[in-house]
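Right, one structure below, let's go through it.
In our numbering, the protein residues as written are 9 to 99.
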């Protein structure tokens with residue numbers, strides 16, 4: 009298990025390990041096994057419509073319970089500060 013806030017890059021891929029589902033863009037989400045372009049876009053759209061994911065299990069609302077369980081060891085959820093949300097809205 010990695011320390012909070014610590015990030016590593018998967019060897020030669022440029023993909024964060026683990027992937028923070030509250031901050032990752034679609035390209036980073038596609039690094040996850042079973043997550044292609046459509047699912048990555050759906051995760052980002054869900055997050056934008058409903059706010060940050062409270063925990064890894066909440067990913068099931070987008071990808072289904074089996075896939076969420078499969079991804080559980082590869083994803084993290086860090087809190088989104090109000091400043092981060094406002095900055096994202098300005099983009």
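Positions of the beta carbon are idealized from the N, C-alpha and C atoms, including for glycine. Computed from a predicted model, the values in this text were never measured in an experiment.
Element boundaries [alpha helix (DSSP H), containing residue i]
| i | result |
| --- | --- |
| residue 88 | From DSSP, residue 88 is part of no alpha helix (DSSP H); its letter is neither H nor E. |
| residue 69 | 68–71 |
Nonlocal neighbours in the same chain, by C-beta distance under 8 Å from residue i, ignoring five residues either side
| i | result |
| --- | --- |
| residue 45 | 34 and 38 |
| residue 87 | 30 and 60 |
Same chain only: Cβ atoms within 7 Å of residue i, ignoring 5 sequence neighbours per side
| i | result |
| --- | --- |
| residue 57 | none |
| residue 36 | 23, 24 and 27 |
Contact set for residue i: own chain, Cβ-Cβ below 6 Å, skip 5 residues either direction
| i | result |
| --- | --- |
| residue 84 | 26 and 28 |
| residue 18 | The predicted model places residue 18 with a pLDDT of 49, which falls under 50 and marks its position as unreliable; any figure quoted below should be read in that light. The answer, listed in chain order, is 25. |
task = Mind listing, in chain order, the continuous alpha helix (DSSP H) runs of no fewer than 4 residues lying wholly within the stretch 34–64?
result = 34–37 and 45–58
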